[in-house]
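Residue numbers (my numbering): -13 to 592.
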Amino acid sequence: MENSFLYPVNSSTRRVIDISGIWKFKIDANNEGRDHGWKDGLCDNTLMAVPSSYNDIFTDKSIREHVGDVWYETEIFVPHEWESFHVDLRFGSATHRAVVWVNGHEVAKHEGGYMPFSGRINKVIRFGEKNKVVVVVNNELDYTTIPCGTVKTQADGKKLLFPFFDFFNYSGLHRHVKLVALPKESVYDITVKTDIIGTDGQINYEVITTGSKDVVVEIIDEDKVIVASGKGKKNLLTINDVNLWQPGNAYLYTLNAKIVDGDMVIDEYPLPIGIRTVEVKDNRVLINNKPFYFKGFGKHEDCEYHGRGYNPVVNLRDFELLEWIGANSIRTSHYPYSEEFMQLADQKGLVVIDETPAVGLFDMLNNFLAAGLGKADQTNFFDRDEVKTKTLANHKDAIRELFLRDKNHPSVVMWCLANEPDTSQEGSEPYFKEIFEYAKSLDIQYRPMSFTNFMMAPFGKCRAHQFADVILLNRYYGWYMMGGPELPNAKEMFKQELQGWSTTGKPIIMAEYGADTMNGVHKLPSVMWSEEYQVEYLKAQHDAFDSCDNLVGEQMWNFADFQTTEGIMRVDGNKKGAFTRTRQPKSAAYLLQKRWTNIPDYGYKK
Ligand code: GCB
């Protein structure tokens, strides 16, 4: 059986020990660790915080830019009391792939940088003693990996990574590492689908266990009262006078799944759930049967020093700022965020468009400069044999794992299956037909699915939007095209394109629009990069949005400034944030606050 995707929690039958902290660390500069037995232990090592990206901690540029393997080591003490349990070693993520050894034995291997994975370690550990954990993490990317990129090896053998995307390729153990003790027969997976019938809530559940003993399920409200219960691995439960999970007004029940043997509880797993519905009807997205208007941002997991490493302080600050600015939603651009972020979204009632790490599925803009100089690869991305086979398979895996991990979050109302693939290419049509068919077969909630469409595949040229339930548009009219004095014309062109998309009859969400802005640069009259220009740019976009009835949401790019690969297009990173990287507002934040606090969550467009 594959590893369980349930988040590790303590319960009457389960135990979790967090083993994050300061670990031994070593950069494998000469790519020798795998052949020289580093799996048995590191020497001449330095130290590293887990979780974190390793890139921004050292002063040495070659470490920041390191491409290849890095090694981690720590010791774990597994208590004697755990001898009768299944013991798993679980990583919240390793970017982008990892192999794990305990006491020199391989226990886990995983491809994909943003998903949890674990290995069963019973056979290789000594209970009541210390055990050695060694992990190798590799950050190389190619046309077949999700996300996509390419590695170039220089004359001296050193590798350089060119991501096909606009964020720094932060690497390492980005999320918590935990030891998990599970009963021998345990709850392996839970799937819920909720409905609203009048004032009642319905929960369709399925519990998968690793054995054949009976299952009992209780639904517990926020006052710890059991409001519904049932028997069996599959059942339909009803909550009378239900408290709905609403955007900005979250209510969570606990679905407590128990494996029982007579009076004995063999395993118990408490899953937070929310009762809500999502549906696309005509040109609207309905949440709880009412037309919802998305206000918010595309984000990144990104901050100083931590890089992409889990940072609960920054996460809370971000939720505070989202509330302050009147946002009700975000997109997890361009990869799945930490499980703890998703839990916060459930608790705070933040609506989430959940995105896979499938970014960079195009070649014409690979590395802006290479493209500008005409040096970008000329083979169509979707015509490559390896894309039709390996990339497609990896993309499907990324979707399957994301859905397994996030399917029960009430905050997740839509899946974004890819960011800006080149859907102007003929080959993108069969590729996305297969991707959408596959994804649709996996979600029993039938949540809307889409991908973000980019400027090079405008209305009339895109071959994949036919498969999407909602049109997600990334557009930069007035920034990458027709910027500065041309802004008024840009607005008119944008309106025209929106009219075109409206003829599809599908709801449209602006998934990206933005202008790079250096915090503190003021110019009257405005010039591009000044705070004044960002404000004027946003006003023009908003005018265009309000001219389009099918438009049911606006998520500005980006919530905050973030780090990218170095280059002439970026000033120490992408500066399109409404907030700085240190989470302070630019002038644009006040404009957005004014607009969004005046737009209701429901019924803005009836
Ligand atoms: C996009 C990408 C995003 C970039 C953004 C930009 O279309 O989806 O990853 O950061 O444009 O600022 O250029």
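Think of the CB as a built atom: it goes at the ideal place given N, C-alpha and C, for glycine as much as any other residue.
Are there 16 or more other CB atoms within 10 angstroms of the CB of residue i, so buried, or fewer, so exposed?
i	result
residue 259	buried
residue 365	exposed
residue 228	buried
residue 293	buried
residue 41	buried
residue 226	exposed
residue 562	buried
residue 372	exposed
residue 583	exposed
residue 568	exposed
residue 140	exposed
residue 138	exposed
residue 586	exposed
residue 513	exposed
residue 66	exposed
residue 449	buried
Kindly give me the distance between the Cβ atoms of residue i and residue j, rounded to whole angstroms, as I take these residues to be in contact under 8 Å.
i	j	result
residue 496	residue 524	11 Å between Cβ atoms; not a contact.
residue 296	residue 161	5 Å
residue 442	residue 463	Their Cβ separation, rounded to whole angstroms, is 14 Å, which puts residue 442 and residue 463 out of contact at 8 Å.
residue 266	residue 455	5 Å
residue 338	residue 316	6 Å
residue 542	residue 499	6 Å
residue 230	residue 270	About 18 Å separates the two Cβ atoms, so there is no contact after all.
residue 418	residue 453	5 Å
residue 59	residue 116	About 12 Å separates the two Cβ atoms, so there is no contact after all.
Can the beta-carbon of residue i be found less than 8 Å from the beta-carbon of residue j?
i	j	result
residue 54	residue 80	no
residue 149	residue 490	no
residue 520	residue 503	yes
residue 484	residue 404	no
residue 76	residue 104	yes
residue 171	residue 245	yes
residue 283	residue 564	yes
residue 594	residue 279	In the structure displayed, the chain extends from -13 to 592; residue 594 sits before or after that span and is not available.
residue 147	residue 126	yes
residue 36	residue 9	yes
residue 88	residue 122	no
residue 136	residue 380	no
residue 151	residue 345	yes
residue 158	residue 38	yes
residue 394	residue 213	no
residue 183	residue 241	no
residue 548	residue 288	yes
Return the residue from the list the options that minimises the CA-CA distance to residue i.
i	options	result
residue 401	452, 485, 368 and 435	435
residue 201	346, 175, 188 and 187	175
residue 239	270, 267 and 189	189
residue -7	391, 197 and 381	391
residue 334	298, 257, 236 and 56	236
residue 71	416, 374 and 168	168
residue 313	-3, 579, 5 and 14	579
residue 302	321, 281 and 329	329
residue 185	191, 211, 194 and 224	224
residue 511	96, 447, 572 and 470	470
residue 537	545, 486 and 554	486
According to DSSP, which residues form a beta bridge with residue i?
i	result
residue 238	According to DSSP, residue 238 bridges with nothing at all.
residue 253	245
residue 124	55 and 83
residue 214	205
residue 542	283
residue 34	9
residue 167	1 and 73
residue 149	135
residue 401	340 and 435
residue 200	246
Let me check you understand the geometry: is the CB of residue i closer than 7 Å to at least one non-hydrogen atom of ligand 2?
i	result
residue 440	Ligands in the displayed structure: ligand 1; ligand 2 is not one of them.
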